[in-house]
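Engineer: Quick one: the structure is below, and I'll ask about it shortly.
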Amino acid sequence: MQNEELFKAMSQSIIDGDADIVATLARHSIEIGIDPLEAINQGFVPGVNFVGDQFSCGDMFLPELVMAGEAMKTAISVLEPEMSKRGTERQVYGKVVLATVQGDIHDIGKTLVGTMLSAYGFQVYDLGVDVPITKIVEKAREVGANVVALSALLTTTMVRQRDVIEALEDVGLRDKVKVLVGGAPVTQEWVQQIGADGYSEDAVGAVNLAKKLLGV
Ligand code: B1M
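Quick note on numbering: the sequence shown equals residues 481 to 696 in the working numbering.
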């Protein structure tokens with residue numbers, strides 16, 4: 481199968497919500513030496529984006545969104561070990577407390593960001609999804625985090641990123657950590673509005689930004 485053909489099949493397997501085919505195609509891409517991040521970005525993500533678009537215009541419904549999300553998680557779980565292996569930089573650059581903010585259960589992009597940060601030399605404390613502000617702040621204090629990384633996929637939950645920054649200020653931690661935000665609705669304008677230190681549109685960008693913010 482040519483790469484283009486494989487990417488199309490990957491996208492379709494997400495649209496169909498067929499986790500078995502997703503896993504087979506993901507394993508095949510590893511066998512033929514495709515970069516796992518390329519498989520995600522060019523193969524599987526177009527499928528999940530298609531389902532998202534169809535959902536917003538009412539042509540697909542919640543069950544399809546759920547199945548596409550589960551299928552996407554299968555793809556990541558097959559490709560994740562390969563991504564980790566490819567991260568060759570072994571020094572520890574810093575500690576990152578990572579979470580999807582309260583009220584938001586989207587975890588695919590956040591997990592991908594965590595995988596890449598770990599692969600490229602950060603110690604990542606992934607608190608999961610729907611994480612309360614206090615839990616994020618407490619963990620940052622407990623581990624002496626250098627970076628707090630906050631994912632939000634909903635326009636209604638982006639505000640929690642600002643709440644975390646305010647809570648870090650309240651407990652005197654704001655000047656000790658860099659705050660990195662991300663997720664589909666996040667923009668540079670939002671970063672400025674809430675006083676975050678930066679955002680990136682994807683997982684590789686998050687690694688580069690974290691390194692830049694820490695000067696490593
Ligand atoms: Co949801 N959902 N969803 N959903 N969902 C979106 C986000 C939506 C845009 C779909 C749409 O309408 N077009 C829409 C939000 C609209 C808005 O607010 N503007 C939406 C909605 C409305 C909802 C519900 C409210 C639906 C409902 O119940 N009526 C509900 C909300 C539940 C909640 O959170 N409280 C809901 C639920 C779900 C599922 C559970 C079914 C499932 C998630 C499964 C899971 O995560 N385990 C789901 C899915 C799959 C999606 C879409 C289709 C795909 C998201 C995804 O995984 N993308 C999404 C539409 C879309 O984005 N096209 C949609 C792939 C992933 C690799 O990309 O997450 O963007 P992404 O992450 C990227 C970058 O954003 C960035 O790097 C990642 C890797 O490149 N990034 C960071 C992310 N976090 C970062 C952090 C960083 C840096 C970069 O630093 C800290």
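Yeah, the Cβ is synthetic: ideal placement off N, Cα and C, and Gly gets one too.
Among F530, A690, V609, which has the Cα closest to the Cα of S680?
Structural biologist: Locating residue 680 in the sequence shown gives position 200, where the first residue counts as 1. Ranking the options by Cα distance to S680, first place goes to A690.
Engineer: Using a threshold of 8 Å, state whether the C-beta atoms of A620 and V558 are closer than that.
Structural biologist: Counting from one through the sequence shown, the residue named residue 620 turns up at place 140. Counting from one through the sequence shown, the residue named residue 558 turns up at place 78. No. Outside cutoff.
Engineer: Please indicate yes or no: does the CB of D533 lie closer than 7 Å to some heavy atom of the ligand B1M?
Structural biologist: On the sequence shown, position 53 is the one that residue 533 refers to. Flag set: Cβ of D533 near the ligand B1M.
Engineer: Taking 6 Å as the limit between beta carbons, can you name the residues of its chain near K575, skipping five residues before and five after?
Structural biologist: By 1-based counting over the sequence shown, the position of residue 575 is 95. Setting aside the 5 residues that flank it on each side, K575 is surrounded in the same chain by Q603, V623, A625, N626, each with a C-beta closer than 6 Å to its C-beta; the list follows chain order.
Engineer: Which partner residues does L578 have in the DSSP bridge list?
Structural biologist: Taking the sequence shown and counting its residues from 1, the one referred to as residue 578 is at position 98. Note: L578 sits in a beta bridge opposite D606, A629.
Engineer: State the start and end residues of the unbroken alpha helix (DSSP H) segment that holds V661.
Structural biologist: The sequence position of residue 661 within the sequence shown is 181, counting from 1. Premise fails: V661 lies in the beta strand (DSSP E), 658-662, not in any alpha helix (DSSP H).
Engineer: What residue does the beta strand (DSSP E) around V685 start on, and which one ends it?
Structural biologist: By 1-based counting over the sequence shown, the position of residue 685 is 205. Looking at the sequence provided, one finds Gly at residue 685 rather than Val. Element bounds for G685: not the beta strand (DSSP E) but the alpha helix (DSSP H), 683-694.
Engineer: State yes or no: is the C-beta of E649 nearer than 7 Å to some heavy atom of the ligand B1M?
Structural biologist: Looking up residue 649 in the sequence shown gives position 169. Result no, Cβ not under 7 Å from the ligand B1M.
Engineer: Provide the residue(s) that pair with S680 in DSSP beta bridges, ordered along the chain.
Structural biologist: Within the sequence shown, residue 680 is the residue found at index 200, counting from 1. Answer by DSSP bridge pairing, in chain order: G662.
Engineer: Any heavy atom of the ligand B1M closer than 7 Å to the CB of D500?
Structural biologist: Here the question's residue 500 lines up with position 20 in the sequence shown. Not under cutoff, so the answer is no.
Engineer: CB E544 to CB V528, shorter than 8 Å?
Structural biologist: Here residue 544 refers to the residue found at position 64 of the sequence shown. Here residue 528 refers to the residue found at position 48 of the sequence shown. The answer is no: Cβ separation not under 8 Å.
Engineer: If we count the other Cβ atoms within 10 Å of its Cβ and call it buried at 16 or more, is E649 buried or exposed?
Structural biologist: Residue 649 sits at position 169 when you count from the first residue of the sequence shown. With fewer than 16 Cβ atoms within 10 Å of its Cβ, E649 is classed as exposed.
Engineer: Considering only residues of the stretch 502-548, which uninterrupted alpha helix (DSSP H) runs meet the minimum length of 4 residues and lie entirely inside it, listed in chain order?
Structural biologist: 525-536
Engineer: I'd like to know whether the C-beta of Q673 is nearer than 8 Å to at least one C-beta of chain B.
Structural biologist: As a matter of chain content, chain B is missing from the structure shown, which is built from one protein chain.
Engineer: Given V611, which residues of its chain have a CB within under 8 Å of its CB, disregarding the five upstream and five downstream residues?
Structural biologist: As a working note, residue 611 is residue 131 in the sequence shown. Cβ neighbours of V611 beyond the five flanking positions: A579, T580, V581, Q582.
Engineer: Decide if the stretch 512-527 is in contact with the stretch 485-502; the criterion is three or more beta carbon pairs, one per stretch, under 8 Å apart.
Structural biologist: Yes: the two stretches touch, three or more of their Cβ pairs being nearer than 8 Å.
Engineer: Given this structure, state the Cα-to-Cα distance separating G497 from L486, to the nearest angstrom.
Structural biologist: Here residue 497 refers to the residue found at position 17 when the sequence shown is read from its first residue. Here residue 486 refers to the residue found at position 6 when the sequence shown is read from its first residue. Rounded to whole angstroms, G497 to L486 spans 16 Å at the Cα level.
Engineer: Alpha carbon to alpha carbon, what distance is there between T635 and V502?
Structural biologist: Along the sequence shown, read from residue 1 onward, the residue named residue 502 stands at position 22. Along the sequence shown, read from residue 1 onward, the residue named residue 635 stands at position 155. The alpha-carbon atoms of V502 and T635 are separated by roughly 29 Å.
Engineer: Among the residues of its own chain, which have a CB less than 7 Å from the CB of K656, if the five just before and after it don't count?
Structural biologist: To locate residue 656, count along the sequence shown from 1; it is residue 176. There are no such residues.
Engineer: According to DSSP, is V644 part of a helix, a strand, or is it coil?
Structural biologist: As a working mapping, residue 644 is identified with position 164 in the sequence shown. It is helical.
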